[in-house]
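Chemist: In the numbering used here, the protein residues as written are 14 to 422. Structure below; questions to follow.
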Amino acid sequence: MSLFEDRTFENLLASALARVSPTLDKREGSLVYNGNAPAMAELAQLYIGLDFVFTATYIATAPREYLIERAKDRGMAPKAASAAVFRAEFNIEVPAGARFSCEDLNFYVAERMPTDEDTATGLSHKVICETAGTVANDYTGALIPIEYIDGLASANLVELLIPGDDEEDTEVFRQRILDALQSQAFGGNQADYKQKVLSIDGVAAVKVHPVWNADTPPAAFIPSEAVQAWFAGGMAGVTDTAAKEWITAIYNAAINKKLTVGGTVRLVVMAANNSAPSELLLETVQTTIDPTQNAGEGMGLAPIGHIVKVDGVKLQTINITTNIVLTAGWVWANAKPYIEEVIDNYFNELAEAWESSTNLVVRISQIESRILQECSAFVMDISGTQINGGNANITLGEDYIPVRGVINE
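This is the structure we're talking about:
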């Protein structure tokens, strides 16, 4: 609602003329009227501008460009669009920077991947789309070189490693600012971890599990007398030098009561395409937050003393069996793709709610009602729906999101 909705030209002019002596002519066209009308028109425009100032001032109502300016006060900015990263296979090693096209998009080779990523069909390279955003996430197939490469016989876009993401939506960004105001990000608290992880390209959501191994009491680490005797006796049965060095390091820390469950953090991330992250994305997040080789040393974004383990959200396959009555002229083979799309959209909505939910629930009623509503042009009725062979809703684990399996009529 406008704060100055009553400050219209007509109301302002009427108020101004009311202040003039009634003995004077105030009709339209008179000197009094003509003297006041232009000024009231300008004043009405000022009130319109002032109303917009109030709208743009507050985070809850500011248009995008002004919201961005307000967010700068807190060191925040909308997440920029990121490019999709793929694994591509070539019959030869291709130099970094080589450009290829796939349908209507262009890609460039970023680097040669480790040889253990190679397959029988080609040598693996990391390839990045030149167009940022989600547009390339579903692309696969043959790559066409933009410039001639000697010896190149095959080039294929094989696997999405890090999904591309569009620029952060205005309302999502607004909510993130409001969340930051309500939950201060500081010194490795949960809000701090969420803010840091969500700033990494390819990550859509994260759950923070603080002190995640608290089920192991510190006293359990302290060596018993029997263990101390075995260690003092030279660790009988252990012959490998590296194993002895590792046991010695653990033993010395435990005997001096330096092992603790404090500062242990588990991060579970979901990829930007609302799916399980690739190993490359998990490695990127792990290295950014707390590199494995320097765990707890503060070499990443995690505070010193925090040992962080990064895992990916897991996929729970949902198989569906249902009885659908189709309208005349429709057969299951033609209707199935539309029904699969309805299920995929439902599961995608659940995935988007994963970060703020303890456990997602896949509901039979939702599946049936959505199919009836969105496929009403050819679905007359639906009944007897089962998911994973049962008649009950399925409650997923805390770190699981649903993915469509088989749909049978």
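Just so it is clear, CB atoms sit at the ideal spot from N, CA and C, and this is done for glycine as well.
So P231 packs on V274, CB below 8 Å; how close in whole Å?
Modeler: The residue labelled residue 231 in the question sits at position 218 within the sequence shown. The residue labelled residue 274 in the question sits at position 261 within the sequence shown. Yes, P231 and V274 are in contact; Cβ-Cβ is about 6 Å, under 8 Å.
Chemist: Mapping DSSP to helix, strand and coil, what is L156?
Modeler: Translated into the one-based positions of the sequence shown, residue 156 becomes position 143. If DSSP states are grouped into helix, strand and coil, L156 belongs with coil.
Chemist: By DSSP, does R87 sit in helix, in strand, or in coil?
Modeler: For the purposes of this step, residue 87 is identified with residue 74 of the sequence shown, where counting begins at 1. Correct three-state label for R87: coil.
Chemist: On the CB-based measure, 16 or more other CB atoms within 10 Å of its CB, does G325 come out buried or exposed?
Modeler: The count along the sequence shown starts at 1 and reaches residue 325 at position 312. The residue is buried, with at least 16 neighbouring Cβ atoms inside 10 Å.
Chemist: Counting only the same chain and skipping the five closest in sequence on each side, list residues whose C-beta sits under 6 Å from that of H222.
Modeler: What you label residue 222 is simply residue 209 of the sequence shown in a count that begins at 1. So the list reads R279, once near-sequence residues are dropped.
Chemist: Short check: CB of G135 to CB of N169, under 8 Å?
Modeler: Looking up residue 135 in the sequence shown gives position 122. Looking up residue 169 in the sequence shown gives position 156. Yes, the pair counts as a contact, with Cβ atoms nearer than the cut-off.
Chemist: Specify the secondary structure class of N226 as computed by DSSP and reduced to three states.
Modeler: Taking the sequence shown and counting its residues from 1, the one referred to as residue 226 is at position 213. The answer is coil: DSSP assigns N226 none of H, G, I, E or B.
Chemist: May I ask you to report which of helix, strand or coil DSSP gives D192?
Modeler: What you label residue 192 is simply residue 179 of the sequence shown in a count that begins at 1. It is helical.
Chemist: In its own chain, which residues sit with a C-beta less than 8 Å from the C-beta of A29, not counting the 5 before and 5 after it?
Modeler: Taking the first residue of the sequence shown as 1, we reach residue 29 at position 16. Closer than 8 Å at the Cβ level, and outside the excluded window around A29, lie N49, A52, M53.
Chemist: Is the beta carbon of A97 sitting closer than 8 Å to the one on N150?
Modeler: Here residue 97 refers to the residue found at position 84 when the sequence shown is read from its first residue. Here residue 150 refers to the residue found at position 137 when the sequence shown is read from its first residue. Yes, they are a contact pair.
Chemist: Using 8 Å as the threshold, is the C-beta distance between F391 and T340 below it?
Modeler: In the sequence shown, residue 391 corresponds to position 378, counting from 1. In the sequence shown, residue 340 corresponds to position 327, counting from 1. Yes.
Chemist: Pick out the complete alpha helix (DSSP H) segments inside the segment 232 to 274, 4 residues or longer, and give them in chain order.
Modeler: As far as the segment 232 to 274 is concerned, its whole alpha helix (DSSP H) runs of at least 4 residues are 238 to 245, 254 to 268.
Chemist: Can you tell me whether E102 is helix, strand or coil according to DSSP?
Modeler: Your numbering for residue 102 matches position 89 in the sequence shown. Of the three classes helix, strand and coil, the one that applies to E102 here is strand, per DSSP.
Chemist: State buried or exposed for Y359, treating a residue as buried only when at least 16 other CB atoms are found within 10 Å of its CB.
Modeler: Position 346 of the sequence shown, counting from 1, holds the residue named residue 359. Burial call: buried.
Chemist: Is it the case that the segment 338 to 354 contacts the segment 381 to 400, given that we only count it when at least three CB pairs across the two stretches are under 8 Å?
Modeler: Yes, the segment 381 to 400 touches the segment 338 to 354.
Chemist: I think M283 touches A233, with their Cβ atoms under 8 Å apart; what is that distance to the nearest whole Å?
Modeler: Here residue 283 is taken as the residue at index 270 of the sequence shown, counted from 1. Here residue 233 is taken as the residue at index 220 of the sequence shown, counted from 1. M283 to A233, Cβ: 33 Å. No contact.
Chemist: Is it true that the CB of I141 sits closer than 8 Å to the CB of Y161?
Modeler: The residue you call residue 161 lines up with position 148 of the sequence shown. The residue you call residue 141 lines up with position 128 of the sequence shown. No; because the gap between Cβ atoms is not below 8 Å, this pair is not in contact.
Chemist: Looking only at its own chain, which residues have a Cβ that is under 8 Å from the Cβ of I260, when we skip the five neighbours before and after it?
Modeler: As a first step, residue 260 is located in the sequence shown; it is residue number 247 there, counting from the start. Only F244, M248, V251 meet the Cβ criterion.
Chemist: Would you call the segment 364 to 380 in contact with the segment 402 to 413, where contact means no fewer than 3 C-beta pairs closer than 8 Å?
Modeler: These segments touch.
Chemist: Within 10 Å of its beta-carbon, does E102 have 16 or more other beta-carbons around it, so buried, or fewer, so exposed?
Modeler: The residue given as residue 102 occupies position 89 in the sequence shown. Counting Cβ neighbours within 10 Å, E102 comes out buried, since at least 16 surround it.
Chemist: Three Cβ pairs or more, each shorter than 8 Å: is that satisfied between the segment 86 to 97 and the segment 31 to 48?
Modeler: No: the two stretches stay apart, fewer than three of their Cβ pairs being nearer than 8 Å.
Chemist: Just mark I348 as buried or exposed, buried being the case when its beta carbon has 16 or more other beta carbons within 10 Å.
Modeler: For the purposes of this step, residue 348 is taken as residue 335 along the sequence shown, with counting starting at 1. Note that residue 348 corresponds to Ala in the displayed sequence, not to Ile. When all chains shown are included, A348 counts as buried.
Chemist: On the DSSP bridge assignment, give the partners of D394 in chain order.
Modeler: Counting from one through the sequence shown, the residue named residue 394 turns up at place 381. Paired residues: V338.
Chemist: If you scan the segment 34 to 78 from start to end, which runs of the alpha helix (DSSP H) of 4 or more residues do you find wholly inside it?
Modeler: Runs of the alpha helix (DSSP H) inside the segment 34 to 78: 44 to 70.
Chemist: Who are the Cβ neighbours of A73 in its own chain at under 8 Å, not counting the five residues just before and after it?
Modeler: Taking the first residue of the sequence shown as 1, we reach residue 73 at position 60. Hits under 8 Å: R187, L191.
Chemist: For F67, does the count of other Cβ atoms within 10 angstroms reach 16, so buried, or fall short, so exposed?
Modeler: The residue you call residue 67 lines up with position 54 of the sequence shown. Exposed: under 16 other Cβ atoms inside 10 Å.
Chemist: Grab me the residues of T132's own chain with a C-beta within less than 7 Å of its C-beta, minus the 5 sequence neighbours each way, in chain order.
Modeler: Walking along the sequence shown from the start, residue 132 turns up at place 119. For T132, where only same-chain residues beyond five positions count, the Cβ hits under 7 Å are E102.
Chemist: Between which two residues does the beta strand (DSSP E) holding R383 run?
Modeler: The count along the sequence shown starts at 1 and reaches residue 383 at position 370. R383 -> not in any beta strand (DSSP E); alpha helix (DSSP H) instead, spanning 377 to 387.
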